[in-house]
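See below for the structure under consideration.
There are 2 protein chains.
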Amino acid sequence: MTAASKTTLSIGEVSALTGLTTHTLRFYEQEGLFVEAVRRNAAGRRVFTQQEVGWLRVCAKLRSSGMPLPDIRRYAELVRKGAGTEADRFEILRRHEARVQRQVADLQEALDVIQAKVALYADHLAAGSADTLWRDGPDCTPARDVS
Amino acid sequence: MTAASKTTLSIGEVSALTGLTTHTLRFYEQEGLFVEAVRRNAAGRRVFTQQEVGWLRVCAKLRSSGMPLPDIRRYAELVRKGAGTEADRFEILRRHEARVQRQVADLQEALDVIQAKVALYADHLAAGSADTLWRDGPDCTPARDVS
DNA sequence: GTTTGACTTCGAGTAGACTCGAACTCATAC
DNA sequence: GTATGAGTTCGAGTCTACTCGAAGTCAAAC
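First to last, the protein sequences are chains A and B. Counting in the numbering used here, the first sequence runs without a single skipped number right up to 147 at its last residue. Counting in the numbering used here, the second sequence runs without a single skipped number right up to 294 at its last residue.
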């Protein structure tokens with residue numbers, strides 16, 4: 001029986017399945033990111049389900065794309081409340097979607113600047129004309145002046 | 148004479164031109180991000196050039212795309228040293244380029260998950276079938292089970 | 001001649017999300 | 001029966017890049 005096919009999972013197994021450390025999983029519980037209270041076995045240890053693993057994977061994606069913990073907590077609360085909260089959940093997701101799209105656009109812009117520089121260095125290094133490369137021009141137009 | 152066309156600029160003008168606060172500009176000086184030591188006028192005030200504004204704009208892009216301050220400092224040091232450091236500068240830029248591309252790919256992956264959820268909520272809200280929406284499935288396949 | 005506003009230095013504080021470590025409890029393997 | 005390893009709680013520490021505020025200087029406007 002692999003961890004991925006078990007119906008109940010220890011914190012260590014969940015850690016392996018999600019890539020989140022056990023410390024982080026406990027921290028997330030404390031922060032109220034779980035939809036339902038985390039169950040415990042007779043010995044007081046945490047018991048997780050595959051469903052929770054699924055949710056944690058979504059959490060990991062939301063976090064890695066920059067959603068703050070309070071927003072995820074809010075979303076989890078709405079799911080817990082159940083029917084009637086869908087419009088609010090939708091709103092949270094849509095806002096985050098917009099935020100991520102902005103992030104991608106900003107990174108792409110930075111990437112353009114970086115790649116322009118990389119191309120210049122590649123050219124000049126290949127041509128052996130390294131000494132003609134220098135400081136950045138006023139408006140960062142690499143054609144004139146480069147760092 | 149607009150700030151953008153002056154040959155020497157105060158810290159306030161540079162702040163306006165770059166979007167960096169005066170606090171941040173002083174902080175960057177202290178962190179060694181400038182290629183040359185920042186000049187001062189008779190009164191001890193900082194005097195900047197258009198060239199420095201160009202460099203700061205590049206710095207802003209590097210920072211917003213996640214290059215750590217120590218890497219930018221190192222790059223600035225290499226530019227200061229001048230000829231013979233081009234291969235190292237190229238390397239720093241190439242590494243950062245790769246890092247940014249990874250970031251974009253990761254964000255895009257997160258965006259796919261988010262958009263799948265957004266689409267589901269949009270459908271269900273439109274259909275008025277909100278009550279069929281629920282928790283995430285084990286492997287985050289929104290078709291089966293959704294938060 | 002004083003008020004204003006932009007500048008100076010310095011040190012301390014903030015934010016968010018972990019991350020770590022110590023001290024303890026259990027269950028299982030040997 | 002004890003050693004090992006995985007779990008528990010709790011509080012404290014870390015990291016990075018700012019961000020703020022206090023106290024002072026200085027030039028120009030009025």
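C-beta: ideal position from N, C-alpha, C; glycine also. Since the model is a prediction, treat every value here as computed from it, not as a measurement.
Worksheet item: the stretch 247–261 of chain B: which residues have C-beta closer than 8 Å to a C-beta of chain A, in chain order?
Response: So the close ones are 247, 248, 250, 251, 253, 254, 255, 256, 257, 258, 260, 261.
Discussion item. To the nearest angstrom, how far is the alpha carbon of residue 146 (chain A) from that of residue 124 (chain A)?
Written reply: By one-based count along the first sequence, residue 146 (chain A) stands at place 146. By one-based count along the first sequence, residue 124 (chain A) stands at place 124. With a pLDDT of 47 at residue 146 (chain A), under the threshold of 50, the modelled position of that residue is not reliable, and the figure given next carries that caveat. Pairing residue 146 (chain A) with residue 124 (chain A), the inter-Cα distance amounts to about 11 Å.
Discussion item. On the criterion of 16 or more Cβ atoms from any shown chain inside 10 Å, does residue 213 (chain B) qualify as buried, or is it exposed?
Written reply: Working through the second sequence from its first residue, we reach residue 213 (chain B) at position 66. So residue 213 (chain B) ends up on the exposed side.
Worksheet item: Along the stretch 192–205 of chain B, what residues have a CB closer than 7 Å to any CB found in chain A?
Response: Those would be 197, 198, 200, 201, 202, 204, 205, in chain order.
Worksheet item: Can you list, in chain order, the residues of the stretch 2–23 of chain A whose Cβ is nearer than 8 Å to any Cβ on chain B?
Response: Residues are counted here when their Cβ sits less than 8 Å from a Cβ of chain B; for the stretch 2–23 of chain A the count is zero.
Worksheet item: Does DSSP put residue 159 (chain B) in a helix, in a strand, or in coil?
Response: The count along the second sequence starts at 1 and reaches residue 159 (chain B) at position 12. For residue 159 (chain B), the secondary structure class from DSSP, reduced to helix, strand or coil, is helix.
Worksheet item: From A:118, A:79, A:49, A:93, pick the residue whose C-alpha is nearest to that of residue 68 (chain A); which is it?
Response: Residue mapping note: residue 68 (chain A) aligns to position 68 of the first sequence, counting from 1. If we check each option's Cα against that of residue 68 (chain A), A:93 comes out closest.
Worksheet entry | Under 8 Å from the C-beta of residue 118 (chain A): neighbouring residues of chain B | In the first sequence, residue 118 (chain A) corresponds to position 118, counting from 1. Those are 237, 240, 241, 244, listed as they occur along chain B.
Worksheet item: Leaving out the 5 sequence neighbours to the left and right, which residues in its chain are closer than 7 Å to residue 73 (chain A) when beta-carbon positions are compared?
Response: Indexing the first sequence from 1 puts residue 73 (chain A) at position 73. Leaving aside the five residues that flank residue 73 (chain A) on each side, the residues in its chain whose CB is nearer than 7 Å to its CB run, in chain order, 31, 32, 33.
Worksheet item: Is it true that the CB of residue 95 (chain A) sits closer than 9 Å to the CB of residue 78 (chain A)?
Response: Within the first sequence, residue 78 (chain A) is the residue found at index 78, counting from 1. Within the first sequence, residue 95 (chain A) is the residue found at index 95, counting from 1. Contact flag unset, no.
Discussion item. Only counting the same chain, and skipping five residues up and downstream in sequence, which positions put a Cβ closer than 6 Å to that of residue 260 (chain B)?
Written reply: Here residue 260 (chain B) refers to the residue found at position 113 of the second sequence. None.
Worksheet item: Just to confirm, are residue 195 (chain B) and residue 204 (chain B) a CB contact at a threshold of 9 Å?
Response: Within the second sequence, the letter at position 48 stands for residue 195 (chain B). Within the second sequence, the letter at position 57 stands for residue 204 (chain B). No, these two residues do not count as a Cβ contact at 9 Å.
Worksheet item: DSSP puts residue 47 (chain A) in a beta bridge; with which residues?
Response: Residue mapping note: residue 47 (chain A) aligns to position 47 of the first sequence, counting from 1. Looking at the DSSP output, residue 47 (chain A) shares a beta bridge with A:39.
Item to complete: Using only alpha-carbon positions, find the residue among B:256, B:253, B:248 that is nearest to residue 108 (chain A).
Response: Counting from 1 along the first sequence, the entry for residue 108 (chain A) is found at position 108. The candidate whose alpha carbon is nearest that of residue 108 (chain A) is B:248.
Worksheet item: Interface residues of chain A around residue 172 (chain B) at Cβ under 7 Å?
Response: The residue labelled residue 172 (chain B) in the question sits at position 25 within the second sequence. Residue 172 (chain B) does not reach chain A, its nearest Cβ partner there being about 16 Å away, counting only Cβ pairs nearer than 7 Å.
Worksheet item: Hey, out of B:257, B:190, B:252, whose CA is closest to residue 111 (chain A)'s CA?
Response: In the first sequence, the residue the question calls residue 111 (chain A) occupies position 111. The shortest Cα separation from residue 111 (chain A) among B:257, B:190, B:252 belongs to B:252.
Worksheet item: What are the start and end residues of the alpha helix (DSSP H) that includes residue 267 (chain B)?
Response: Taking the first residue of the second sequence as position 1, residue 267 (chain B) is located at position 120. Unbroken alpha helix (DSSP H) run through residue 267 (chain B): 233–274.
Item to complete: Rounded to whole angstroms, what's the CA-CA distance from residue 26 (chain A) to residue 20 (chain A)? Just pull it up for me.
Response: Stepping through the first sequence from its first residue, residue 26 (chain A) is reached at position 26. Stepping through the first sequence from its first residue, residue 20 (chain A) is reached at position 20. Computed Cα separation, rounded: 10 Å.
Fill in: CB-CB length for residue 183 (chain B) against residue 246 (chain B), believed under 8 Å
Taking the first residue of the second sequence as 1, we reach residue 183 (chain B) at position 36. Taking the first residue of the second sequence as 1, we reach residue 246 (chain B) at position 99. Actually they are not in contact, since the Cβ atoms of residue 183 (chain B) and residue 246 (chain B) sit about 27 Å apart, beyond 8 Å.
Worksheet item: Applying a beta-carbon distance threshold of less than 8 Å, which residues of chain B neighbour residue 121 (chain A)?
Response: By one-based count along the first sequence, residue 121 (chain A) stands at place 121. Those are 233, 236, 237, 240, listed as they occur along chain B.
Practice prompt. Using a cut-off of 8 Å between C-beta atoms, extract the partners of residue 272 (chain B) located in chain A.
Written response: Within the second sequence, the letter at position 125 stands for residue 272 (chain B). By Cβ distance, chain A contributes 86, 87, 90.
Worksheet entry | Pick from B:265, B:264, B:217 that is closest to residue 176 (chain B), judged by C-alpha positions | Translated into positions along the second sequence, residue 176 (chain B) becomes position 29. Looking at the Cα atoms, B:217 is the closest of the given residues.
Item to complete: Apply the 10 Å Cβ neighbour rule to residue 149 (chain B) and answer buried if 16 or more other Cβ atoms are within range, or exposed otherwise.
Response: The residue given as residue 149 (chain B) occupies position 2 in the second sequence. Residue 149 (chain B) comes out exposed.
Discussion item. Please tell me whether residue 5 (chain A) and residue 46 (chain A) are closer than 9 Å, where the distance is taken between their beta carbons.
Written reply: Mapped onto the first sequence, residue 5 (chain A) falls at position 5. Mapped onto the first sequence, residue 46 (chain A) falls at position 46. For residue 5 (chain A) and residue 46 (chain A), no; Cβs fall outside 9 Å.
Fill in: Nearest neighbour of residue 87 (chain A), chosen from B:238, B:269, B:170, B:202 [CA to CA]
Here residue 87 (chain A) refers to the residue found at position 87 of the first sequence. The alpha carbon of residue 87 (chain A) has as its nearest neighbour, out of B:238, B:269, B:170, B:202, the alpha carbon of B:269.
Worksheet item: Taking only beta-carbon atoms, is residue 81 (chain A) less than 9 Å away from chain B?
Response: The residue labelled residue 81 (chain A) in the question sits at position 81 within the first sequence. So no, residue 81 (chain A) is outside the interface.
Worksheet item: Is the Cβ of residue 140 (chain A) closer than 9 Å to any Cβ of chain B?
Response: Taking the first sequence and counting its residues from 1, one reaches residue 140 (chain A) at position 140. Residue placement at residue 140 (chain A) is poorly supported in this model, since its pLDDT is 41, which falls under 50; the coordinates still yield a value, given next. Closer than 9 Å: yes.
Worksheet item: Is it right to say residue 201 (chain B) is buried, meaning 16 or more other beta carbons lie within 10 angstroms of its own, or is it exposed?
Response: Translated into the one-based positions of the second sequence, residue 201 (chain B) becomes position 54. Counting every other CB atom within 10 Å of its CB across the protein chains shown gives residue 201 (chain B) a total of 16 or more, marking it as buried.
Fill in: Beta-carbon spacing of residue 207 (chain B), residue 165 (chain B) below 9 Å
What you label residue 207 (chain B) is simply residue 60 of the second sequence in a count that begins at 1. What you label residue 165 (chain B) is simply residue 18 of the second sequence in a count that begins at 1. Closer than 9 Å, so yes.
Fill in: Segment limits, alpha helix (DSSP H) that includes residue 228 (chain B)
Numbered from 1 along the second sequence, position 81 holds the residue referred to as residue 228 (chain B). Its alpha helix (DSSP H) spans residues 216–228.
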